[in-house]
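A.B. asks:
Number of protein chains: 2
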Amino acid sequence: MRSPQLMIKPSNCHSCRMSALCLPLALRTSDLDLLDNAIKRGKPMQKNQSVFYAGDRFTSVYAIRSGAVKSYCITDDGTEQVTGFYLPGEIFGWDGIANGNHSNHAVTLETSALCEIPFAQFERLSATMPMLQQHFMRLMSKEISTDQALITLLSKNSAEERVASLLISLSKRLKSQHLSATKFRLPMSRADIGNYLGLTVETVSRVFSRFQSFDLIYCERKEIEIINLKRLSSLAHNAEHL
Amino acid sequence: MRSPQLMIKPSNCHSCRMSALCLPLALRTSDLDLLDNAIKRGKPMQKNQSVFYAGDRFTSVYAIRSGAVKSYCITDDGTEQVTGFYLPGEIFGWDGIANGNHSNHAVTLETSALCEIPFAQFERLSATMPMLQQHFMRLMSKEISTDQALITLLSKNSAEERVASLLISLSKRLKSQHLSATKFRLPMSRADIGNYLGLTVETVSRVFSRFQSFDLIYCERKEIEIINLKRLSSLAHNAEHL
DNA sequence: ACACAGAATTGACCTATATCATCTGATATT
DNA sequence: AATATCAGATGATATAGGTCAATTCTGTGT
């Protein structure tokens, strides 16, 4: 008689190539099954679909299996403020634990596959899985570090340094997922980049042009290739935790 | 025979006037005792004393009973970046859960009394106190919201709006501690304010002068009085969560 | 009481980036 | 296929805030 753990479903946390990031490494296999059953694997989502809206009741956090997501909020004066970009293997949606409602909107930037991790289930499970709780607090702490890196970037760095930092950050994060660190497609528009980095579209565009003329990058629309990673990195002071 | 719970020490969480903020409201009284024993109440600290250094092993978070603290880190190029100001009733030190080391420095801005909450004890306690864990995640989530508010402030708002936002934030936070919302002493220097808001000292100083000439505030060195709270608030778009 | 170092203010000038305007090439719509 | 819409690039100009320099004020230690 086979043990239940071995009856692996076609799609689950065991077989997911990014479980090492999304889940605590030390989670016991039997525990992983419990969590696995709690997670809802959503259908692939099209580009520009909302994952949740600001104000929505907070019920879950989300892991990205493929695609990309941006989070943003609408400021008092009605303008959009992009607060983050999320790539495969990353988890978003921590905002809203504080008061039970999401403070950000989240939309897909391209066709994406997400895993929904219901928070109530997580809280129940974490009572018996200290590792799980610890892991989630680590992830939240990491989000705090990322935000603080962005704060530094915004208050201290020039337009060129900001753009370089974002490119290097994307590069590193893709690399950690065993994707190319030097040739990739930007999932977001120039406007989103500018919004996120506190710059206008025009400035972002000019910086891209300048980088290209200096042979730091080659880019055609959203396809980008980093030619001189070393020199680009030297401009990106605050990409470490971005 | 008296039960141990009734042998209340002169200074403890039960009697602390800010326990409602610092601790989960729903914590059972007997649980509170357990936590109470875990918390170290430090001696009053003088101005400009370090609570922890960046790189220090992460062991505790800290609640402020009186005084004020700033957190900051040193960027790659050796300059300081102020990452937060903390007032009585607030908890700081979440950074460093991620990798076990603090990423920020923390120093007192004036004579202060702090409570140290050892994290290992917290983790042990939270296994049997789900509310405690939930409360701490809320606090972390709140820190994320604060950081994102600052990001918005830095990338969208003018010098005047930034300074107004900080003043209104301080005012609100003091008010929540039943202190005056309109007349208080700024615990930090103009340089710290500028650093935090991504402005130079000179700009901060000029904005203060301008606010004063418009009768929005009256200020003499660090003593400040908000004269026209309504009009100042209208400038402070992003103070809500700062 | 005095001297000194640091904090704050103010002015003159400069530069990075915003703003406004135009143009081109993609992408979507009929 | 033709047209409208949107994303991106580039140039000309304006301006908020930075930089540099000089001055005054303040608190600390002797």
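Protein chains in written order, with my numbering: chain F, 1 to 242; chain E, 1001 to 1242. Just so it is clear, CB atoms sit at the ideal spot from N, CA and C, and this is done for glycine as well.
1. From ASP36 (chain F) to LEU150 (chain F), what does the alpha carbon distance come to, in whole angstroms?
2. Going along chain E in order, which residues have a C-beta closer than 8 Å to the C-beta of LEU154 (chain F)?
3. Starting from the beta carbon of LYS142 (chain F), find every residue of chain E whose beta carbon is closer than 7 Å, and list them in chain order.
4. Quick one: residues in its chain with C-beta nearer than 6 Å to the C-beta of SER50 (chain F), no 5 flanking neighbours on either side, listed in chain order?
5. Please check the pair LEU197 (chain F) and ARG162 (chain F), which I expect to be a contact at CB under 8 Å, by giving their CB distance rounded to whole angstroms.
6. Considering only C-alpha positions, which residue in the set F:SER169, F:ILE97 and F:SER171 is nearest to SER1145 (chain E)?
7. Quick check: the segment 1113–1125 of chain E against the segment 1061–1074 of chain E, are at least 3 beta-carbon pairs closer than 8 Å?
8. Is it true that the segment 217–225 of chain F meets the segment 181–191 of chain F, where meeting means three or more beta-carbon pairs spaced less than 8 Å apart?
9. According to DSSP, simplified to helix, strand and coil, what is LYS47 (chain F)?
10. Say whether the segment 197–208 of chain F touches the segment 84–98 of chain F, bearing in mind that this needs 3 or more beta-carbon pairs closer than 8 Å, one atom from each stretch.
11. Can you tell me whether ARG1190 (chain E) is buried or exposed, with buried defined as 16 or more other CB within 10 angstroms of its CB?
12. Could you list which residues in chain E have their beta carbon closer than 8 Å to that of SER233 (chain F), in chain order?
13. Write down every uninterrupted run of the alpha helix (DSSP H) in the segment 194–222 of chain F whose length is 4 residues or greater and which is fully enclosed by it, in chain order.
14. Is the segment 1123–1131 of chain E close to the segment 115–135 of chain F, with three or more CB pairs under 8 Å?
15. Do we get a CB-CB distance below 7 Å when we pair SER60 (chain F) with the residues of chain E?
16. Give me the DSSP bridge partner(s) of GLY1084 (chain E).
17. Chain E partners of ASP95 (chain F), CB-CB under 8 Å?
18. With a 10 Å radius around its C-beta and 16 neighbouring C-beta atoms as the bar for buried, classify GLY1093 (chain E) as buried or exposed.
19. Going by DSSP in three states, GLU90 (chain F) sits in which element: helix, strand or coil?
20. ARG65 (chain F) lies in the beta strand (DSSP E); which residues open and close that run?
21. Tell me which residue opens and which closes the beta strand (DSSP E) that HIS1105 (chain E) is part of.
22. Say whether chain E places a C-beta atom closer than 7 Å to the C-beta of MET137 (chain F).
23. Return the CA-CA distance between ALA239 (chain F) and ASP1215 (chain E), expressed in angstroms with no decimal places.
24. In or out: ASP1147 (chain E) buried (at least 16 other Cβ within 10 Å) or exposed?
25. Reducing DSSP to helix, strand and coil, say where ASN228 (chain F) ends up.
26. Which residues in the same chain as VAL1082 (chain E) place their Cβ atom closer than 7 Å to its Cβ, once the five residues preceding and following it in sequence are excluded?
27. Output yes or no for whether 7 Å exceeds the beta carbon distance between PHE58 (chain F) and GLY84 (chain F).
28. Indicate whether at least one CB of chain F lies closer than 7 Å to the CB of ASP1076 (chain E).
29. What does the alpha-carbon distance come out to for the pair PHE1119 (chain E) and SER165 (chain F)?
30. Quick check on the DSSP output: what are the complete beta strand (DSSP E) runs of length 3 or more inside the segment 114–197 of chain F, in order along the chain?
31. Counting C-beta neighbours from all protein chains within 10 Å, is the total for HIS178 (chain F) 16 or more, i.e. buried, or is it exposed?
32. Throw me the rounded Cβ distance for the LEU153 (chain F) and LEU235 (chain F) pair, which I believe falls under 8 Å.
33. What are the residues in the segment 61–73 of chain F lying within 8 Å of chain E by C-beta distance?
34. Return the CA-CA distance between ASN1104 (chain E) and SER180 (chain F), expressed in angstroms with no decimal places.
35. Would you grab the beta carbon distance between ASP33 (chain F) and HIS1237 (chain E) for me? Rounded to a whole angstrom, and I think it's under 8 Å.
C.D. replies: In terms of the structure at hand:
1. 33 Å
2. ILE1151, LEU1154, SER1155 and GLY1198
3. Under the 7 Å cutoff, chain E gives ALA1098.
4. Correct list, in chain order: VAL107.
5. 4 Å
6. Of F:SER169, F:ILE97 and F:SER171, the residue nearest in Cα terms is F:ILE97.
7. Yes: at least three Cβ pairs fall under 8 Å.
8. In short, these stretches touch, since the Cβ pair count reaches three.
9. coil
10. no
11. By the beta-carbon neighbour count (other beta carbons within 10 angstroms, threshold 16), ARG1190 (chain E) is buried.
12. Going along chain E, no residue has its Cβ under 8 Å from SER233 (chain F), so there is no contact; the nearest lies around 11 Å.
13. 201–213
14. yes
15. no
16. E:SER1071
17. SER1141, ILE1144, SER1145 and GLN1148
18. buried
19. coil
20. 60–66
21. 1105–1108
22. yes
23. Those two C-alpha atoms are separated by around 42 Å.
24. buried
25. coil
26. LYS1070, TYR1072, ASP1192, ASN1195 and TYR1196
27. Taking 7 Å as the Cβ cut-off, PHE58 (chain F) and GLY84 (chain F) do not qualify as a contacting pair.
28. yes
29. 33 Å
30. Complete beta strand (DSSP E) runs here, min 3: 183–185.
31. exposed
32. Between LEU235 (chain F) and LEU153 (chain F) the Cβ distance is about 12 Å, and since that is not below 8 Å, they are no contact.
33. CYS73
34. The straight-line gap from Cα to Cα measures roughly 32 Å.
35. Actually they do not touch by this definition, with Cβ atoms about 48 Å apart.
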